[in-house]
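Peer 1:
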Amino acid sequence: MEPMKRYRFLLKLLYKPARFFFRLVYGYTPQVRPVEGPCLIVSNHVTTLDPVMLALSFPDTPISFVSSEHLFRKGLLSKLLKWFLSPISRKKAASAADTVMAIIRSVRQGITVGLFAEGECTWDGQTGWVFPATAKLARTCGATLVTYRLEGGHLTSPRWGKGIRKGKMTGHIVGVYPPQELKAMKPDAIYELINRDIREDAWERQLAEPVVYKSKAPAEHMETLTYLCPECGRVGTLHSKGAYIRCDCGFSRKFTETGAFEPAEPFANPGAWDAWQKERLAALEPDENGLLFSDSDILLHEVLPGHKTVFVGKGELRQYADELVCCGERFAMSEIENMAIFTAKVIVFSCGERYFEIKSKNIYNARKYLDYHSLYLQRTAEKESSSL
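Just so we're on the same page, this note's numbering is the position in the sequence shown counted from 1, plus 718.
1. Between residue 873 and residue 977, is the Cβ-Cβ spacing less than 9 Å?
2. Which residue's Cα is closest to the Cα of residue 928: 885, 780 and 890?
3. Buried or exposed: residue 967, going by 16 or more other Cβ atoms within 10 Å of its Cβ?
4. Which residue or residues does DSSP assign as beta-bridge partners of residue 784?
5. Rounded C-beta distance between residue 1073 and residue 1037? I'm assuming under 8 Å.
6. Quick one: complete alpha helix (DSSP H) runs, 4+ long, within the segment 862-930?
7. Would you list the one or two residues that DSSP bridges to residue 664?
8. May I ask you to report which of helix, strand or coil DSSP gives residue 990?
9. Starting from residue 746, trace the beta strand (DSSP E) in both directions and tell me its first and last residue.
10. Tell me the rounded alpha-carbon separation between residue 935 and residue 881.
11. Under 8 Å by Cβ, that's how I've got residue 758 and residue 859 pegged, so tell me the actual separation to the nearest angstrom.
12. So for residue 666, helix, strand or coil by DSSP?
13. Please return the same chain residues whose Cβ sits closer than 8 Å to the Cβ of residue 678, not counting the five positions on each side in sequence.
14. Starting from residue 1027 and walking both ways along the beta strand (DSSP E), at which residues does that stretch end?
15. At which residue ranges does the segment 960-1014 contain complete beta strand (DSSP E) runs of 3 or more residues, listed in the order of the chain?
16. Kindly give me the distance between the Cβ atoms of residue 1076 and residue 1035, rounded to whole angstroms, as I take these residues to be in contact under 8 Å.
17. Which residue's Cα is closest to the Cα of residue 1013: 1063, 1030, 990 and 899?
18. For the alpha helix (DSSP H) containing residue 751, list its first residue and its last residue.
19. Tell me which residue opens and which closes the beta strand (DSSP E) that residue 1073 is part of.
20. I need the DSSP call for residue 1091, collapsed to helix, strand or coil.
21. With three or more beta-carbon pairs closer than 8 Å as the criterion, would you say the segment 899-907 touches the segment 939-948?
22. Residues in its own chain within less than 8 Å of residue 893 by CB, not counting five upstream and five downstream?
23. Once you ignore the five residues that flank residue 1059 on each side, which residues in its own chain have a CB closer than 6 Å to its CB?
24. Verify whether the separation of the beta carbon atoms of residue 768 and residue 871 is less than 9 Å.
25. For residue 957 and residue 1031, I'd like the C-alpha separation in whole angstroms.
26. Residue 732: buried (16+ other C-beta within 10 angstroms of its C-beta) or exposed?
27. Grouping DSSP H, G and I as helix and E and B as strand, with all else coil, what is residue 932?
28. Where residue 954 and residue 1001 are concerned, what is the direct C-alpha to C-alpha distance, given to the nearest angstrom?
29. Taking only three categories from DSSP, how would you classify residue 827?
30. Leaving out five residues on either side along the sequence, give the residues of the same chain with a beta carbon under 7 Å from the beta carbon of residue 1044.
31. I need the straight-line Cα distance from residue 723 to residue 756, nearest angstrom please.
32. If residue 994 and residue 948 are in contact, beta carbons under 8 Å, what's the gap, nearest whole angstrom?
33. When you compare each of 728, 1046, 988 and 846 to residue 778 by their alpha carbons, which one comes out closest?
34. Apply the 10 Å Cβ neighbour rule to residue 798 and answer buried if 16 or more other Cβ atoms are within range, or exposed otherwise.
35. Let me make sure I understand the geometry here. Which of 974, 975, 950 and 772 has the alpha-carbon closest to that of residue 965?
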């Protein structure tokens, strides 16, 4: 049985139970609308189960989703996913050239491809940066471009959070653009329409249409999102429990079931806090040893070709101005080309021809390392620009 036939069989078998499950547990309602393939379906990304929820809108269309490389390292589960669903591997924090070619090959074979244009789930409830190459891919692959938007997902299952909060979540097609229409457009125009169509802001939506997302512990694990205290300015001193996020200095805020802080100062919601800490990170001063921040009980692995991993070491993760030190291994920031996070606390990065994975069994904030890497790249680009 060919992969897409296996997918179609699985879809017929599980469609009604899956739709019932997501309605019951997530409060999710998909818009069902047939499309003529092959298509490139481009969507925003809010939860880990977005591919399943998106697929519920297309009960008659097998979709090959572009999936993170780490899903291909799950043993029997990975084998089942590959056998039934034929996903396309995308290695985060690495070149996407192989992925692009795989997408084009699939489309030319008549297969519809699903792509989450941000490359990762949103952290702050707002649609993030979309890879510009997505527009060029949509124009050249020869498929109908379908834009899709998931709404209400961030507060249903926040990437940083613990558990599912039932409220209201929907998914629907925004636009359908045939290949001949795309051929007549410039990539910049296609890029603009993709950004427009898939844009979602959880906080704007809550202001316009407040929804209660029920949870016994709405703030639990928020310290994987927030790393800088607005009161004392320290990193790594925040802790969550139940409905509260607190700092060792005494700062405390309640996170409500409508996605707002009480009191609303200095931030009305986690998105505003996140925007502030990213800006404040540039002014962070190192200690007497040059250390900016660190975490303990960290595991370092190297990811080899063929989705194999090799254990490198266990120890501390330390961020210095020009160097990342992990479990005794030293990586110059100038040599770390790309960095990304999957789930809430697994960091992946490429350094030269090598690809590494950092993780921990404990709750820790991985985002500050990603934000600092982005800041380092920005500063490097500004220095190079000023020297011309």
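Just so it is clear, CB atoms sit at the ideal spot from N, CA and C, and this is done for glycine as well.
Peer 2: On the basis of the coordinates in this document:
1. The beta carbons of residue 873 and residue 977 sit closer together than 9 Å.
2. If we check each option's Cα against that of residue 928, 885 comes out closest.
3. Residue environment: residue 967 is assigned as exposed (fewer than 16 neighbouring CB atoms within 10 Å of its CB, all protein chains considered).
4. Within the DSSP secondary-structure output, residue 784 pairs in a beta bridge with 806.
5. That belief does not hold up - the Cβ atoms of residue 1073 and residue 1037 are roughly 20 Å apart, past 8 Å.
6. Listed in chain order, the alpha helix (DSSP H) runs fully inside the segment 862-930 are 871-874, 897-901, 905-916 and 920-926, counting runs of at least 4 residues.
7. The shown model of the chain, from 719 to 1106, leaves out residue 664, and the question about it has no answer.
8. Helix, per DSSP.
9. Annotation: the continuous beta strand (DSSP E) that includes residue 746 extends over 746-748.
10. C-alpha separation (whole angstroms): 8 Å.
11. Between residue 859 and residue 758 the Cβ distance is about 6 Å, and since that is below 8 Å, they are a contact.
12. The requested residue 666 does not occur in the structure, where the chain is confined to residues 719 to 1106.
13. Here the chain covers residues 719 to 1106 and nothing more, so residue 678 does not appear.
14. Taken as a continuous stretch (DSSP letters only), the beta strand (DSSP E) holding residue 1027 covers 1026-1038.
15. For secondary structure counted as the beta strand (DSSP E) over 3 or more consecutive residues, the segment 960-1014 holds these complete runs in sequence order: 962-965 and 970-973.
16. A Cβ-Cβ separation of about 6 Å places residue 1076 in contact with residue 1035 under the 8 Å criterion.
17. Distance from the Cα of residue 1013 is smallest, within the candidate group 1063, 1030, 990 and 899, for 1063.
18. It is not in any alpha helix (DSSP H) - residue 751 carries neither H nor E in the DSSP assignment.
19. DSSP places residue 1073 in the uninterrupted beta strand (DSSP E) bounded by 1072-1077.
20. Note: residue 1091 maps to helix in three-state DSSP.
21. Judged by Cβ distances under 8 Å, the segment 899-907 makes no contact with the segment 939-948, as fewer than three pairs qualify.
22. Hits under 8 Å: 863, 864, 865, 911 and 915.
23. Taking residue 1059 as the centre and dropping the five residues before and after it, the same chain places the C-beta of 1065, 1084 and 1088 closer than 6 Å to its C-beta, in chain order.
24. Yes, the pair counts as a contact, with Cβ atoms nearer than the cut-off.
25. Inter-residue distance for residue 957 and residue 1031 is about 27 Å (C-alpha atoms, whole angstroms).
26. Counting other Cβ atoms within 10 Å of its Cβ, residue 732 stays below 16 and is therefore classed as exposed.
27. It is a strand residue.
28. Distance between the alpha carbons of residue 954 and residue 1001 is about 16 Å.
29. The answer is coil: DSSP assigns residue 827 none of H, G, I, E or B.
30. Closer than 7 Å at the Cβ level, and outside the excluded window around residue 1044, lie 1016, 1018, 1035 and 1076.
31. Distance between the alpha carbons of residue 723 and residue 756: 15 Å.
32. The distance from the Cβ of residue 994 to that of residue 948 is about 7 Å, consistent with a contact at the 8 Å cut-off.
33. Considering only alpha carbons, the answer is 728.
34. In this predicted model, residue 798 has a pLDDT of only 49, less than 50, meaning its place in the structure is not dependable enough to derive any value.
35. Of the candidates 974, 975, 950 and 772, the one whose C-alpha sits nearest the C-alpha of residue 965 is 950.
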